[in-house]
Structure formats: structure tokens, C-alpha cells
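Just so you know, the sequences run in chain order E and L.
Here UniProt numbering is used: the first residue of the first sequence is 1, the next is one more, and so on.
Here UniProt numbering is used: the first residue of the second sequence is 1, the next is one more, and so on.
Note that the Cβ used here is the ideal one computed from N, Cα and C, for glycine as well.
Remember, it's a predicted structure, so these values are computed and weren't measured experimentally.
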Amino acid sequence: MRGDEKQQSLLKDIRVIVFILAILGSIIFIHPWYTSNDGFTTNLNYGLDLEGGSWLQLKLQGAVAQLDADSGLLVKEIVNINLAEDVTITSVNEGANDVTVTFTSPSLLTNNQIDQLGVGQSTITRSNNLTQVELHSSKETLISTYIEDKLKTEVVPTLVSDGVEYEIRTAITQEELQTMMEKVGGSIVTDINGNPVYKEGVTTETRDLTKKILSDKLNSLGLKDIPVKTVGDDYILIDFAGIDLATAKNIAEKPGKFEIRIITQGNESKHVLYGDEIQSVGIVGYHEDAGQWYVPFTLDDAGAQALQQIAIETGATKDPMSHNLVMYLDENQVYSAPLSSSAASKLEQAPIYSWQASTGTDEDGKTTAEELQIHLRAGALPVNVELMGSGHVDASLGQQFKKEAVIAGLIALLAVAFVVFRKYNKPAILVPMVSTSISEVIMILGFAAAIGWQLDLASIAGIIAAIGTGIDHLVIITDEVLYEGKLPPRKVYLSRITKAFGIIFAAAATTIIAMSPLVVMGFGSLKGFAITTIVGVLIGILIARPVYGKVIHEVLAAGAETEAE
Amino acid sequence: MEVGLTERLDSFVRKHNDRQLAALPLAVFVISLIILAITFASSGSPVKLGMDFEGGTMISMASQESVTAMQQKYADYPITDVRQAGSRIIMQFGPMSDELQQKLTSDVIDSYDNVEINQIGPVYGASLQKQAVRAVIVSFIGMAIVVFLIFKTFVPSVAVVLSAFSDIIIAAAFMNIIGIELSLGTVAALLMLIGYSVDSDILLTTRVLKRRGTPQENISNAMHTGVTMTTTTLAALVAMYFVSTFSYLISPSFSQITLLSNISIVLIFGLVADLMNTWMLNTSILRWHVTNVGTRRRKA
């Protein structure tokens, strides 16, 4: 009779109910199943080191800085780098938003050559064997172009609250940049405190763009489940489940095949150029007057010549509307539009280097422009990346590791059970203690399955660590309750159990605090280790151990009764 | 056996005064510091840094070939070490160019089974190293703050923090002695040690400060619980160590799991150090503190 009453009160206890629900929930999430075809299966996700596959960690190289320089010297340098001409600057006229630089040269300079610099419009006059060029540009364009030509990389200027920030998309140290700017009478701008505004790395937008390009590329190869993660501002981590390291590197580094063609008649079209003839791709812009979103891109000399030649051959310059310019990425059409009338008439005369692909007026136009920007790069990354780390585990080896980890866990549990039994010599204590420990493991795994956490070797080490502290805490509870080998009166028991939980909470707090730097800093596989340890400790102190305190009391009380009888 | 250990330890603690009790752990602590200092003087780092922090490539695969054969086979690459572990060969390489890396990777993957590759760039390794040092320092300070918040008295808190610190120093010195390099796994173990080692210290301090009875009685009681705690954890870790390190001796279908093996061996020695530090160093400081404060109170 009395035993039944106790059973009732135990099941009515809120802590016991929570515990039972948590266990049931965990089992549902883990979903262990057996079929004769697939063998034993669960909902648990495993990390690369258990499942097999490879990973790459890439660092995005670049620098973001505010810069200033002399417009005249910039033009002189840009002309020198591109045309190998030493020109004389005669006047510099700096307005609020634009700058006009006039220079002279004894050699013959054509409009075409100056357009190729890609810095702006120009007027060229020639008299007395002297060419005079009046160039309209802006300071941002000049500084960007100078660095681009010098480093053979892309530079993206952005307007920020206190000036213009230049993102240089390759590795350059502060000293190197300073020296480079001094050559054109400039420097890295300093802030109010006198510190140079320079930061190694790239902007968050660029990091996200790089991430998106990689994801798109993996998707286009049918590898939809491969996650591309950003770690901090400068690192990108890709986990290639089931793909070997050599293949993974190829996928990440090899660009796609991009092609531009012009429609000749009906569905027929003619090849114009491939992606390697696109020199650079700018960022998406919006034309106020035309109300159009667009992506700017520039062609190299061969590309620009080819486009002019084919446009004339196909008749696109005469009748743009029936000869669309079509872009393909890996044989899929990604863009199709006619030449604008101004571009068409200009092409009759000369090749055009700087192009803008217009995509539409509304939000869709913006989205299309953003996608086209990625396609134009043909999957080539916007910034230089450096391989920081990589890894590979064969699937068969991962299987071995998994089996061994499970065996290690089981033997660890047996070893713990043995020590506990030697100490207390009572199955009445051993059974609840070991079951509590097992229940904690089930709940940690259930939690992992519920949030889709990938269990790797480090997480398994974390689980074993959590079992270790868990047993420690159960020993504290047992010894507190079992003071001098007997169960104390109810009042004493309550104060003892409170004290035991005081110690346990204190110990848990230190473990959680000790592990939290790893969660925040999140480097490498240690993040998984720290998170599983913390989750394990929390599940233990909040769900499992209170129930153990309750159960051990009932068990010992029942035991005392039988002894008394 | 563990019952015998507790009894022996208990009578040892009873028979010696505070100064004698603290002597052994302090001596081991000082020797460990000297070992770390010597390593620091010779290599510029208190613990030998592994590939995770120095940069390089580790490749392990199933192979029956001899060490010298492998050395010859991969002589074109900056090979630094070849070892044999059961049916597996473990090779280490220094930093190399991207192209060379790619060639090596393809070659190994194509010609061997059960391949594992780990590559860390030197720059990334250096940044990992900085982060790891920061993680250990931050987590130690965090632990110390929690301990001070819990006990709110200076001497007992210092005793706990000091014995946790000594655990880490002894574990690190031990790594130098048996030649375990600092890797991400061993950093995790050192952090775990911070969490583990204070468990028994907190138990001891709470029992002695907050329970009625003589300090010596409370110490003995705490010891019975605390030693059980540490031995259960040790049992789990020893099991993990043997399975991850030596299971290939039993069945050739198993391989060494370096990460688990390193974590467990460092924790095992840290916890053995913790047994000594908790029940000798921390106990002596705490006993001295309680008796002194007690006498002063009685005088007043």
C-alpha cells in the first residue's frame, strides 16, 4: 500500500514529469530505427571525421582603408602603367564631386587608348606635335584605378560617414599601401586620433558575396547539402561531406565556363567571348535617370575588339532589337538583352571597354543584377583567398572512428559503474546512478538531433566529459544524502540535498565558465567540444540530477523499511 | 583499492601539520614550473607546439610499408617525421606550396586506404595559437571569479584557484616530459581540467566552511566523497585512453584516434595532480585558515 503511494507521488513530481518528457522527446528526435535493408539508423548527424569527407578553411585576403592622393600624379601614374607614356600634367581642377586633369604628351594618343584606362570621358586635341588630353574623372575612380592597375586586383570604393573607404581585394600590408600612396603624393588618411584608417581583411558585404558565390557554385554542381560557413570576418569554412580533399579543392578553386554570344537569327547565335576576357566586374548600381539597375563590367582588349567585330558582323549595331546579347554560365542562359542604341552606334566606330548590363527597374531588377554580378565572375571569387587549413577523412576510417568512439563510451560507462559499485556495494545505488548517467547521454544526443548539430569526435569527447562530471555530481548527492551510511530524517535530508545542489551548481558554473571562451571564439573543432560539454552540464543539473536526488531518497527509504522489517 | 587510497590519504593528512602537507605539492609545482621554463628557454614556448599551431600537414593511412620506404617515397616533399602505429603510417610535413600540397593530397588519396589528412597553414596556426592562449587565460580568470563569488572569503578562494593553477602547470609539464605536443585537443583537455579540478575543491571548501563539526572530520568526509568522484572520472578517462590508443592491437580494423587519446592522457595526469593538490595543498591552506580564524575568534 505505502509503496503504491510513493510510486504515485514520484510520478506526480513536476521534476520527474519533465525528466520523462525530455527522455521521450529525445528518443523521438533521435528516432532509432531498424530495417533489414538499412540496418540500424538514427536521426543523428555526424561530422566529417565520422562520416568521411573533407573541409577547407579559406582566408579572404584584402585591406580596407581610407586614402588620399594627388589627382595629377594619379593620372600620370595610371597613364604610365597602362600606355607606358610619360605625360606632363598641365592643370588639375578639383570640384566637389569630380576632377578634371589636363595633360600633354608628344606621342599620338587616341580616344580609344584613353577610354581603355577606364577612368572617365576625355577630349583630345593635337597641335604642334603635342597631344593635349582633358580628362574628366573623380578622385575615387582615380585612386581605385591606380591601385587596381598597380596590384592587378579589384578595388571597391564605398561612401562611409567620414569619407571614402577603399576595399583592396588582395593582400597588402599597411606599410606597402603607405609606400604606394606616397608615390602619388598621398597617404592613408588618419582619423581624429591620428591613427591611420587601415584594416586587414574585407568588408562584411564582400565576405557574404564570396560565401554566396561559393554556395551557388556548389549548388550548380548539385552539391546542395554542402554548407559554406563564415567564421569571423575573414574566414570561410566549407565542409564537403563525402568528397575527397583533392576534388574539394578543385571545386572551390576552378571557375565555371562563362560565355557571351550574339543572336544571329532565330535560335542561332555566334560566339563572342569567354569569361577570361572579362577584366573586372563592378558592384550593382542604380541609374537615377533611366530608373534601371545595372552591373558594370569591363572587357580586356581582345574581348572588346571581339564584341565590336561580332556586333558589326551579325548586324547587331544596325538592328539591336533582333540581335540580343546573350550570356551563358556553364551552358545555362543567365542574361539576354539588346544593345542600347547609344552603345550600338558607338560600336560602329570603336570598341567599348566599359559595359553596363541593365536588368530592370524594380526589386526583381535588383535581384537579377546581384545574381548577374556573380555569374559574370563565372564563379571566380571576388577576392584572393589563401588556404588556411584543410582536412580529409576517408569514409571507411570515419566508420572505424564511430565504432571505436561508441566502444570507448560503453567501456567508460562500465568502468565508472565498477568504481561506483566497489565504493557503495549496493545495486540500489548503482542502478539509479548509471541509469541517470545514461539518461543524460540520451538527452544530449536528443538535443543534438533536435537542433541538427553535427556530432564529431570532439563532441563525443565533450559527451564523455559531461558523463564524467555527471557521475561526480551524483556521487556528491549520494554522499550528502547518505550521511554516515544511513538515510537521515526528512528535515535533515532536505537541508542536505539543498547543500549538495549548492556544491553541484557551483561546480557546474565553473565548468560552464571555463568552456565558454571556446564557444565565443569558436575556433576549429573545439567549439563542438565546448558546446556539448556545456549542454551536457546544463541538462544534467537542470533535468537529470534533481530527479536522481528524488529517486535515491525513495530507493534508500524503501531499503531502510525492508531492513527494519 | 580506492578505499585503501582514501584511508591512507586520510591518515597522511591527519598525521602531518599544514606546512608538511603543503611541502610535496609545492615541490612538484616548482619542479613543473622549472620544466616549463627550460622548455620555454629552449623553444620559445612553455609547451612544445604541435602542428595545429605551427602549421604543416599530417597524413595517416593504412599501409604495411616500412618507415624508410615512406621516407624515400615522399622525399620530394618537406617530410619531417614518419611513424608507424599498428597497421597505419603517420607522416608529418612542413609547410609547402599550394600546388605541391594538391599533388601530395591526390597522390595519397589515390594510392592508399583509410586516409586522414590534416593541414594547417602557418599563419592560421599562429592565429589559433593566440586564440588558444587567450581562451585558457580567459577561462581561468572566469573560473577564479566564480570561485570568489561562491565563497566570498579570500584565503579559501585563493587556495582553490592556486590548486587549479597547479593542476594545469603540472599537466603541462607532464606533457613536456612524455613528449605530447600542444594541439587543439590538448588545449581542450587543459580547459576541461580547469572545470574538473575545482569540483573537488569546491566540495572540500563548502564542507569545511559550512558544515558543523571539527575541520578534520569535515576534511575526512569530503575526502571520501571527493576521492570517489575523481576515481570515477579517472576510470572513464583511462577507458577512453586505452580504447582510442591501443584498440588497434586487438583488432586490425581499428585505428588510433589521436584527438581522444591526447585529451584523455592529459586529463588523466591533470586529475592525478588534482588528487594531490586538493587533498594536500588546498586542504593544508584551508585547515590553517580555519584553525587560525577559529583561534582568533575564540581569543576575541
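Among the options, the one whose alpha carbon lies nearest that of residue i
i	options	result
L:L190	L:I219, L:V146, L:V133	L:V133
E:P488	E:L526, E:W453, E:H553, E:N425	E:H553
E:G53	E:A544, E:Q399, E:A466	E:Q399
E:D472	L:A235, L:F242, L:I35	L:A235
E:S220	E:K257, E:F297, E:G291	E:K257
E:Y286	E:F505, E:T368, E:I17, E:V420	E:T368
E:S459	E:F418, E:A530, E:L159	E:A530
E:T436	E:A22, E:I14, E:V492, E:K12	E:A22
L:S163	L:S183, L:L182, L:I194	L:I194
E:V87	E:Q132, E:N93, E:G120, E:A69	E:Q132
E:A337	E:I442, E:L130, E:Y34, E:W355	E:W355
L:E7	L:R211, L:L184, L:N221	L:N221
L:L275	L:T231, L:S255, L:S139	L:T231
L:H289	L:T205, L:V272, L:Y241	L:T205
E:W55	E:R15, E:S390, E:A412	E:S390
E:T317	E:N332, E:L347, E:Q373, E:E331	E:L347
E:E205	E:D38, E:D225, E:T478, E:T230	E:T230
Under the three-state DSSP convention, the category residue i falls into
i	result
E:N128	coil
L:E65	coil
E:L237	strand
L:T291	helix
E:W293	strand
E:N332	strand
E:I352	coil
E:L307	helix
E:K183	coil
E:T298	strand
L:Y112	coil
E:Y146	helix
E:H323	coil
L:M1	In this prediction, L:M1 has a pLDDT of 46, which is less than 50 and means its spatial position is unreliable; what the coordinates show is noted afterwards. Coil.
E:L339	coil
L:S11	helix
E:H473	helix
L:H16	coil
Nearest-angstrom beta carbon gap, residue j and residue i [assumed within contact, 8 Å]
i	j	result
E:S138	E:V184	At roughly 15 Å, the Cβ-Cβ gap does not stay under 8 Å, so E:S138 and E:V184 are not in contact.
residue 570 of chain E	E:G549	Absent from the structure is residue 570 of chain E, since the part of chain E shown begins at 1 and ends at 565.
L:Q92	L:G121	Not quite, the Cβ-Cβ distance comes to about 15 Å (not below 8 Å), so this is no contact.
L:T233	E:G468	4 Å
E:D234	E:L60	5 Å
E:L299	E:E277	6 Å
E:A63	E:I236	Not really, about 17 Å apart at Cβ, beyond 8 Å.
E:G462	E:G536	7 Å
L:L259	E:L457	5 Å
E:G249	L:Q102	Residue 249 of chain E is actually Lys in this sequence, not Gly. Right, their Cβ atoms sit about 6 Å apart.
L:L49	L:Q129	7 Å
E:L48	E:D319	Not confirmed; about 56 Å, so no contact.
E:T145	E:T170	With 8 Å as the limit, E:T145 and E:T170 do not qualify as a contact, their Cβ atoms being about 15 Å apart.
Per DSSP, the bridge partner or partners of residue i
i	result
L:M58	L:Q92, L:N118
L:A37	DSSP lists no partner for L:A37.
E:V228	E:I238
E:P157	E:Y166
E:W33	E:T41
E:P196	E:T190
E:F258	E:L329
L:Q84	L:I89
E:N93	E:T100
L:I79	L:F93
E:S122	E:L135
E:D68	E:S187
E:H375	According to DSSP, E:H375 bridges with nothing at all.
E:H392	E:S54, L:I117
Chain A contact for residue i (CB, 8 Å cutoff)
i	result
L:Y196	Note that chain A does not occur in the displayed structure, where the protein chains are E and L.
Next item on the list: Spell out a yes or no on whether the segment 434-446 of chain E and the segment 11-28 of chain E are touching, meaning 3 or more CB-CB pairs, one atom from each, closer than 8 Å.
Entry: yes
Notebook entry, point to check: Would you say the segment 24-35 of chain L touches the segment 278-285 of chain L, given that touching needs at least three Cβ pairs under 8 Å?
Noted result: With three or more CB-CB distances shorter than 8 Å, the segment 24-35 of chain L counts as touching the segment 278-285 of chain L.
Margin query: Using a Cβ distance threshold of 8 Å, determine whether the segment 393-413 of chain E contacts the segment 112-120 of chain L, with at least three qualifying pairs required.
Written below: Verdict: yes, contact present.
Item checked: Inter-stretch contact at 8 Å, needing at least 3 Cβ pairs: the segment 139-153 of chain E / the segment 30-50 of chain E -> no
Item checked: Contact the segment 140-148 of chain L vs the segment 502-511 of chain E: 3+ CB pairs below 8 Å -> yes
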